[in-house]
Amino acid sequence: MQRVVSFYEKLPRGPAPEVKAKGLLGRYQAKHFGKNPTVKPIIQAVALLIVIGYAQQYYFHLRHHKNNAH
């Protein structure tokens, strides 16, 4: 029993230190999904979908003009 008590005596007390975010994705998550979440990721996702959709429309419209006249 003394071994168990000595083991628990060596453990740190108090709250765990805050973990620092590492990497690009980790910092992004900490900034936008952390203690003060923001709506920016939703806006950025919508903007990304609009840009991808525009690029696809542009590409397929050019491909249509290559083979067919308006």
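Quick note on the numbering used here: the sequence shown kicks off at 116 and runs consecutively.
Don't be surprised by glycine CBs; every beta carbon is placed ideally from N, CA and C.
Computed from a prediction, not measured in an experiment: that's the story for all the values here.
For S121 and V161, the gap between their C-alpha atoms comes out near 55 Å. Counting along the chain, no alpha helix (DSSP H) covers E133, and no H or E run does either. Look at P156 here: in three-state DSSP terms it is helix.
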